[in-house]
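If you read the sequence shown in the numbering used here, its first letter stands for residue 94, the second for the next number, and so on. We put the beta carbon where it would ideally sit given N, CA and C, even for glycine. Given the structure is predicted, the values throughout are model-derived calculations rather than measurements. As structure tokens, the structure follows; a few thoughts come after it.
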Amino acid sequence: MSDDADIGFLVAPDEAPSKREIVRVALRLFVRDGLAAASLRDIAAASGYSSTVLYKFFESKDALARYLFERCYGLLVTRLGAAIRPGCDFRGNLRSLIEAAGRLLATQPAAVLYTSEQARLMWPGVPERLRRHSIVRLLTELFQQGVGEGVIADAREIPYLIAALVGSFSQYAKLRHFGEFTGAPEEDVAALGRIVERMIARAGTDDVG
């Protein structure tokens, strides 16, 4: 995450400047070094504040890590959910969602990568409000629209399409972080979207055994 990245989703504007800087630095270090390697001492030192200040806001590294996950995940769900418009057909909504994913990868790569990397660890403890509005549920409803419109022939394909879509974008975010992709994220994601659309086209015609 660049130093000038928008962090409004992490902490409210009226929060203490020290908290804003601590969470900004923590997300950067957790993504760069990994959750296990980045210590609270590292975060305090890099933020320019003492450990005492950090502990005013977060009782432990686990509490800080969970706070960041919930905020990052909430950002993704909100942006992706806003891309799906009532009255728009399935293909239009799918393209809109893919475009939104591209913008997220371009503007908030750390949030995307952190969410992807920590989902398995963090998901069991997320609050019910996030579970009710999960990315999986959002995609399930979108693909159910595809079934209803006859674009996807069999609802049994939905879990596999979700796995393919989420897996593709998660892996892309990781590979991009390590420098394997250097082009504009929006263009790369559009290419991934075309691949997903071809898979969906097959799901609309192939028989499920």
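Query, Result
"Distance CB(L133)-CB(L147) smaller than 8 Å", "yes"
"Cβ neighbours of S111 in the same chain (closer than 7 Å, five flanking residues each side left out)", "Y142 and V146"
"Residue range of the alpha helix (DSSP H) that includes V116", "P110 to D126"
"Extent of the continuous alpha helix (DSSP H) to which L103 belongs", "Here L103 belongs to no alpha helix (DSSP H), and DSSP marks it neither H nor E."
"Option in A119, V124, S140 and L187 with minimal Cα separation from M292", "L187"
"Alpha carbon of I38 to alpha carbon of T171, nearest angstrom", "Given that the chain is displayed from residue 94 to residue 302, the structure contains no residue 38 and the question cannot be resolved."
"Residue nearest to A119 in terms of C-alpha spacing, selected from Q237, L157 and F150", "L157"
"Alpha-carbon to alpha-carbon, R196 and P278", "8 Å"
"Whole-angstrom distance between V205 and G276, CA atom to CA atom", "17 Å"
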